[in-house]
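Take the sequence shown: its position 177, counted from the start at 1, is 176 in numbering that gives the first Met the number 0, and no numbers get skipped.
Here is the structure we will look at.
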Amino acid sequence: MLRWVNAAMALAAVAALGVLIAEYGFDLGPGVVESLHAAEAAAAYLFCALQLSKLFLVARPLQLLRRSGFEFALLFLLGFQLLAAAGLEGAPEHAYLSRHGNPAPLAAATVLFVQGYVLAVAGLRSTWLQDALFRLRLHPAQTLLASFVVLIAGGTALLCLPNASAEGRSIGLLDALFTAASAACVTGLSTVDIGSRFSTLGQCVILALIQIGGLGILTLTAAAALVGGRGLGSQAREVGRLLEVETVPQIRRLLMKVLGLTFGIEALGAALLYAPMVSRLDDPFVGGFYAIFHSVSAFCNAGFGLFPDSLAPFRGHSAAMATFSALIVAGGLGAPVLERLPRAVLSALRGRWREIPRHARVVLGASLLLTLGGGACFWLLERGGRLAGSTPEEAFWGSLFLSITARTAGFDVGRTAALGGPSVALLVALMFVGGSPASTAGGVKTTSLAVAWAWLRSRLSGRAPRLAGRPLQAGEEGRVRWVLAGMGGLALGSLLLLALFEGRADGGLLFEAVSALGTVGLSLDVTPTLSAGGKLVIILTMLFGRVGPACLVLTWALRHPDVKTGADPISVG
């Protein structure tokens with residue numbers, strides 16, 4: 000009986016999502032909108048009734064509550080929002096929202112989230128889908144690539160809706176595809192100004208794509224493995240190998256920690272950014288949305304901003320710049336390091352360096368060196384250039400923030416095209432390195448750079464390679480060589496294709512190719528001028544840049560199943 004209830008909930012979810020897309024995606028008449036509102040409410044109440052009915056269909060309802068606690072929490076949230084929307088009629092907030100055409104946005108958003116969740120879980124638990132996946136026997140790398148292709152396709156369809164554009168007509172398939180790919184791959188490159196060309200609906204779609212893409216390749220695959228059943232069992236094992244965990248419960252705990260850290264840090268960032276945003280906007284509600292959008296974009300290292308000149312309005316605002324910097328750095332460290340960071344700081348203060356895991360020591364050391372070293376270099380190189388005439392505070396943030404955002408956030412406080420040649424070359428190097436494994440950042444990762452440096456130093460000294468007090472393992476060296484060769488080949492291939500389509504080969508195309516491959520988003524103002532073929536090359540480069548390192552590591556692990564990484568390993572990819 001429960002199977003039939005779940006099937007009914009899935010059908011209701013499909014209907015509700017279709018109604019929401021029709022209402023918010025198209026410009027419809029008042030009578031049609033009222034009918035759609037009634038359909039939304041009916042779908043929401045049907046979901047509540049079906050979910051509650053499960054308690055009367057099982058022998059142990061308390062066990063069902065424990066096992067499906069999240070679903071019942073959604074039930075409570077949805078019911079609360081529906082009642083609150085009805086009870087707030089006549090309040091100033093209701094009047095404000097009614098003037099803007101949406102008197103109950105939270106209820107609609109909750110319906111969208113709940114029905115989307117129900118549909119996703121119902122689909123992944125479907126016997127038909129599990130059998131299809133089992134027969135396909137997809138390679139883990141193929142699963143990763145397919146998940147992002149599906150995400151980009153869905154985002155493109157939503158961004159093509161007339162109401163997703165500020166002008167009330169579709170922005171076009173190519174621009175929608177480019178924006179969806181850039182958001183899902185948390186890159187930040189754009190062919191249009193998203194702050195002025197997209198409506199609030201379009202910006203919310205972009206925000207959702209950033210959040211889903213920023214949760215990480217490993218998180219998406221782990222989540223699919225947990226709810227997918229036997230068809231994804233092999234993928235769960237390969238994700239565990241990549242994360243150095245061995246069981247599904249460990250993957251589950253890691254997934255919950257990643258989600259908790261992500262949403263907690265983003266909420267704190269939005270709270271800290273609220274005042275700076277409101278001070279530059281006339282509307283506190285719009286300021287709140289801007290704070291949430293930029294907090295998520297910064298932590299996910301996406302680089303999308305709603306201001307036409309990125310973060311230039313905050314160049315002299317130390318509190319805002321410090322918040323942005325902290326969000327970007329936190330997102331680029333990776334969940335395993337971020338989780339252990341408080342204990343690592345305490346151990347460092349006590350001088351107990353050996354208590355800090357080797358991977359965390361390498362990530363923190365490499366990140367600190369690249370950030371401070373890059374900032375110092377940019378300050379020296381741009382004193383007479385882009386930083387000329389700046390106050391000491393602006394020069395400090397202008398150089399340090401550029402070093403931070405190059406790996407791989409994509410925000411900037413000035414025109415990147417105004418930088419000198421040496422600074423651009425340094426940016427290319429930092430963009431190629433990127434952030435750290437299991438993070439929201441791209442690139443070959445800081446651990447790959449550290450392992451490569453240890454290997455090079457050993458060749459010059461004639462000694463066995465060591466890193467963080469321990470010898471390098473064959474598995475660590477092999478994975479790094481695989482990642483560096485693969486990403487280097489992708490960068491070269493992207494440059495050659497761009498040169499073919501654009502009829503030229505110059506530093507600007509190389510910069511855009513590396514920015515796309517590293518999912519950075521910094522641009523020398525070349526991307527908007529590319530031909531249709533060039534834009535498609537950048538789209539593919541962003542996609543392969545996002546999934547490339549993890550796919551390369553997974554492929555290497557499958558080809559070398561007997562090569563171990565030893566105790567206290569360094570993660571790569």
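Heads up, the beta-carbon is just placed ideally off N, CA and C, and yes, glycines get one too.
Since we're looking at a predicted model, the values are computed, not measured.
Residue i in three-state terms, based on DSSP
i, result
"R339", "helix"
"A224", "Residue placement at A224 is flagged as unreliable, the pLDDT there being 49, under the threshold of 50; a coordinate-derived value is accordingly withheld."
"V164", "The sequence given here places Ser at residue 164; Val does not occur at that position. S164 falls in the strand class under three-state DSSP."
"F303", "coil"
"P573", "Since the first and last residues shown for the chain are 0 and 572, residue 573 lies out of range."
"G30", "helix"
"K444", "coil"
"C47", "helix"
"F284", "helix"
"V412", "coil"
"H358", "helix"
"D308", "coil"
"V18", "helix"
"P275", "helix"
"H316", "coil"
"I403", "helix"
"S52", "helix"
"F25", "coil"
"A6", "helix"
"G364", "helix"
"T261", "helix"
"D192", "coil"
"A207", "helix"
"T186", "coil"
"P548", "helix"
"T370", "helix"
"I569", "coil"
"L348", "helix"
"G397", "helix"
"V57", "coil"
Contact under 8 angstroms by Cβ, residue i with residue j
i, j, result
"L56", "V13", "no"
"S195", "P312", "no"
"G441", "V344", "no"
"M541", "S296", "no"
"L310", "F410", "yes"
"L466", "I569", "yes"
"G374", "R406", "no"
"S398", "F377", "yes"
"V482", "V443", "yes"
"T326", "V362", "Sequence check: residue 326 is Leu here, not Thr. No, the pair does not count as a contact, with Cβ atoms beyond the cut-off."
"L499", "F510", "no"
"G187", "G350", "no"
"L267", "H293", "no"
"V204", "G154", "yes"
"A318", "P275", "yes"
"L150", "A183", "yes"
"L305", "I209", "no"
"R545", "F147", "yes"
"T574", "S457", "The structure shown does not extend to residue 574, since the chain is modelled only from 0 through 572, so no value can be given for it."
"V525", "L508", "yes"
"A163", "L157", "yes"
"V412", "F400", "yes"
"L63", "L51", "no"
"A334", "L260", "yes"
"E476", "W454", "yes"
"V552", "R478", "yes"
"T402", "L379", "Note on identity: in this sequence residue 402 is Ser, with Thr being the wrong assignment. In this structure, L379 does not lie closer than 8 angstroms to S402 by Cβ."
"K534", "L173", "yes"
"V450", "L496", "no"
"M486", "G532", "no"
Which residues DSSP lists as bridging residue i, in chain order
i, result
"P436", "Looking at the DSSP assignment, P436 forms no beta bridge with any residue, so it has no partner."
"F197", "S164"
Beta carbon proximity, residue i to chain E, threshold 8 angstroms
i, result
"L56", "Reference to chain E is not applicable here, since this structure consists of a single protein chain."
message: Report the start-end ranges of each alpha helix (DSSP H) in the region 453–514 that is 4 residues or longer and not cut off at the edges.
response: Those alpha helix (DSSP H) runs which fall completely within the region 453–514 and span 4+ residues are 473–501.
contact_flag[the region 284–295, the region 338–356] where n(CB pairs < 8 angstroms) is 3 or more: No, because fewer than three Cβ pairs between the region 284–295 and the region 338–356 fall closer than 8 angstroms, the two stretches do not touch.
query: Should the region 13–24 be called in touch with the region 36–55, which here means at least 3 C-beta pairs below 8 angstroms?
result: Counting Cβ pairs under 8 angstroms, three or more are found: they touch.
field: Cβ contact (3+ pairs, closer than 8 angstroms) linking the region 353–362 and the region 455–474
entry: By the Cβ rule, the region 353–362 counts as touching the region 455–474, because three or more pairs are nearer than 8 angstroms.
query: Okay, do the region 414–425 and the region 384–397 touch, 3+ Cβ pairs below 8 angstroms being the bar?
result: With a cut-off of 8 angstroms, the region 384–397 and the region 414–425 count as touching, because enough Cβ pairs lie within range.
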